[in-house]
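Colleague:
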Amino acid sequence: MTLKVVNVPTKPFDGQIPGTSGLRKSVKTFMQSHYTENFVQCTLSAIGDELTGATLVLGGDGRYFCKPAVEIILKMCAANGVGKVLVGHDGILSTPAVSCIIRKYQTIGGIILTASHNPGGPNGDFGIKYNVNNGGPAPTTVTNAIHTLSTQITEYKICPDLKCDVSVLGTTQFTVNDKTFVVQVIDSIDDYLALMKEIFDFSSIRDLLSGDAKHAPLSILINSLNGVTGPYVRRIFVDELGASEDCLENAEILEDFGGHHPDPNLTYAADLVEAMKSGEYAFGAAFDGDGDRNMLLGHNAFFVTPSDSLAILADNLECIPYFQRNGVKGYARSMPTGAAVDRVAAKHEKEIFEVPTGWKYFGNLMDAGRLSLCGEESFGTGSDHIREKDGIWAVLAWLSILAHRRETVEDILRNHWQKYGRNFFTRYDYENCDADPCNKMMEALNSKIDSGAFIGQVFSLKDDSTNCEQDKVYRVVLADNFAYTDPIDKSVAHKQGIRIIFDDGSRIVFRLSGTGSSGATVRMYIDSYESDPAKHFQMAEQMLKPLVQIALRISKLMEFTGRQQPTVIT
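For the sequence shown, UniProt numbering begins at 1 and goes up steadily by one.
1) With a cut-off of 8 angstroms on the beta carbons, I'd call Phe362 and Ala394 a contact; round off their distance for me.
2) Can you tell me whether Ile253 is buried or exposed? The criterion is at least 16 other CB atoms within 10 Å of its CB, across all chains shown.
3) Leaving out the 5 sequence neighbours to the left and right, which residues in its chain are closer than 7 angstroms to Ser45 when beta-carbon positions are compared?
4) Please say whether Ala479 and Ile500 have beta carbons closer to each other than 7 angstroms?
5) Alpha carbon to alpha carbon, how far is Gly382 from Ala282? Give it in angstroms, no decimals.
6) Using alpha carbons as the reference points, say which of Asp486, Ala138, Pro356 lies closest to Arg370.
7) When you compare the CB positions of Ile128 and Phe39, do they come within less than 7 angstroms of one another, or not?
8) By Cβ distance below 7 angstroms, which residues in the same chain neighbour Asn364 in space, the five residues on each side in sequence not counted?
9) Buried or exposed: Pro119, going by 16 or more other Cβ atoms within 10 Å of its Cβ?
10) Which of helix, strand or coil does DSSP assign to Thr143?
11) Could you pull out every residue in the same chain whose Cβ sits closer than 7 angstroms to the Cβ of residue 628, ignoring the five residues on either side in sequence?
12) Suppose the cutoff is 6 angstroms on Cβ atoms and the five residues either side in sequence are ignored; what does the same chain contact list for Ala78 look like?
13) What beta strand (DSSP E) runs, 3 residues minimum, are completely inside the region 360 to 426?
14) Distance check for Glu376 and Val8, CA to CA, integer angstroms please.
15) Less than 7 angstroms between CB atoms is the rule here; does Phe174 satisfy it with respect to chain B?
16) Determine, using beta carbons only, whether Asp292 and Lys214 come nearer to each other than 7 angstroms.
17) Quick one: give me the first and last residue of the alpha helix (DSSP H) that Gln106 is part of.
18) Rounded to whole angstroms, what is the Cα-Cα separation between Leu373 and Ser309?
19) Name the DSSP beta bridge partners of Glu530, please?
20) Can you grab the Cα-Cα spacing for the pair residue 602 / Asn144, in whole Å?
21) What is the DSSP secondary structure of Gln542, counted as helix, strand or coil?
22) Identify every residue that forms a DSSP beta bridge with Leu195.
23) Determine the DSSP secondary structure at His117, reduced to helix, strand or coil.
24) By DSSP's criteria, Phe459 is part of a beta bridge. Which residues make up the other side?
25) Below 7 angstroms between beta carbons: does that hold for Asn415 and Tyr529?
26) At what residues does the beta strand (DSSP E) containing Val57 begin and finish?
27) Between the region 223 to 240 and the region 271 to 288, do at least 3 Cβ pairs fall closer than 8 angstroms?
28) Taking the alpha helix (DSSP H) that Ile205 belongs to, which residues open and close that run?
29) Can you list, in chain order, the residues of its chain whose CB lies under 6 angstroms from that of Tyr192, leaving out five sequence neighbours each side?
30) Starting from Lys448, trace the beta strand (DSSP E) in both directions and tell me its first and last residue.
31) Between which two residues does the beta strand (DSSP E) holding Tyr64 run?
32) Taking 7 angstroms as the limit between beta carbons, can you name the residues of its chain near Asp263, skipping five residues before and five after?
33) Determine the direct distance from the alpha carbon of Val304 to that of Ile554, and round the result to whole angstroms.
34) So what does DSSP say about Phe482, is it helix, strand or coil?
35) Compare the Cα-Cα distances from Glu274 to each of Ile222, Thr29, Gly330 and report the closest residue.
36) Could you name the residues of the same chain whose beta carbon sits closer than 7 angstroms to that of Thr408, not counting the 5 residues immediately before and after it, in chain order?
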């Protein structure tokens, strides 16, 4: 039976602007008639002539509306001349797995159905993201093309009679307008697991978790927050590495994430924090909805900041077979991320890159062979094994270090601080603020930067009665709105966040985030460097308090937004 293609008349929707993480909107927005179809058509059209006969990867994190979206996208791929779609079993693929599969099978790219760490369910968020043929997020040239097409669209192509059961593994062929269209439903985990086995020494991790004559078993607790990593974690940590089923929490994929906000931080993964405080476990981890972010905890809920995690990994890559074979080319961090890894790069005499927020900025450096390890303060860590951040990879990397060094998480951090000094780091998120006053706040800060008012200015809390380090003085040596010139393709990204940098290396950063589906989110980052070993083990809140208060004073954030407290502190 030959299936027919139908051209459906439509009109543009406002605001179909994909960022570095695709298009994220409320589920109700995507469920509007023609809305999802419009955006998918624009994405396929933006690929151009290369789409004809090509292979695409398709999968998502299992959130609400994923299943209907998979059906829509398969029908539209068939209608638009795609030759083959590799779709995850039940439509499930983690974001790192999609990148892995794109690279392994050399497909033209992949469509990922996720809003990452945003809430799910009928009243939550949904998202569609396109990754290109290197496995990484679409560059600005592609996302700009998608947006332009979304403002001009008059019709979309669909094959309404195509039906494919993605709950059954196997290959199905269809004839569409006398051309063959193939849907191959693949195991969601196999290819990703095979890659992890190439990177890590599973036997040494297995020994770490099971114990031996000299060492007790390492007790771990892993919380998937009812996101996509649940089946991956069970397959890797329980079936392959021998951990107990009891080490898994929230490992069932749920369309609403079980009511969780699937963002692995101290606020939204509070149940993991509480469980770790019991002292029963030596290592804990949580992942976000699509599996690319991670939070790590040591015994008694000892928190490893993402900035410190990146620096620890950079200093210990020799523990991982992949880097033993391939060497270490360089390190990179997003601009707001704490600068701890910079000090490791200097010691190891490796290149260090500071890029804008957005994983796509790491891809060019990796493809050019100049970058092996990178990370973002927003709980994202990864390497050049794929072109996405990778939560499970980060946990396996940490377990490799623990297996090699046989120290506790806290001891590894303490020894690192003694060696390099400590970058105390925090991020304050003010979510769902009114956009207009937030923009005015940023404009006011920009005006001061443009006038040069910040340079040389000295800040101190000597006269405050607060219980913090009141004798410390901060002198501004640089203030700018961060711009980045890609060293590979020479493209330039402007206005990526306001930086105020002090003479001791401490920093204040302000950004407006684009990952929410409504309103504006102000992010305030505090990176306070301390070289004095006597102060490395003081409470982070106490050490950060001076710069936090200075940042609030400089920005007048509370006055502009009306918010007295942040939504989330990490």
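The C-beta atom is built at its ideal place from N, Cα and C for all residues, glycine as well. Note that the structure is predicted; figures quoted are calculated from it, not measured.
Modeller: Based on what the coordinates show:
1) Going by Cβ atoms, the distance from Phe362 to Ala394 rounds to 14 angstroms, so no, they are not a contact pair.
2) buried
3) So the list reads Leu149, once near-sequence residues are dropped.
4) Yes, these two residues count as a Cβ contact at 7 angstroms.
5) 23 angstroms
6) Asp486
7) yes
8) Asp486, Ile488, Asp489
9) buried
10) Reduced to three states, the DSSP call for Thr143 is helix.
11) Lying outside 1 to 570, the shown extent of the chain, residue 628 is not represented and no answer is given.
12) Cys159, Leu162, Val176, Phe181
13) 373 to 376, 380 to 383
14) Put simply, the backbone Cα of Val8 is about 41 angstroms away from that of Glu376.
15) Checking the listed chains, one finds no chain B in this structure; it contains a single protein chain.
16) no
17) Neither: Gln106 is in no alpha helix (DSSP H) and is coded neither H nor E.
18) 11 angstroms
19) Arg422
20) Nothing can be reported for residue 602: it is not among the residues displayed for the chain, which extend from 1 to 570.
21) Gln542: helix per DSSP, three-state reduction.
22) Leu195 pairs with nothing; no bridge assigned.
23) coil
24) Tyr474
25) no
26) Here the beta strand (DSSP E) through Val57 covers 55 to 60.
27) yes
28) Annotation for Ile205: the continuous alpha helix (DSSP H) segment containing it runs 202 to 210.
29) Ala97, Cys100
30) Segment 435 to 451 is the alpha helix (DSSP H) holding Lys448; no beta strand (DSSP E) there.
31) No beta strand (DSSP E) holds Tyr64; DSSP gives it neither H nor E.
32) His117, Asp288
33) 28 angstroms
34) Residue state, collapsed to three classes: coil.
35) Ile222
36) Ala282, Gly298, His299
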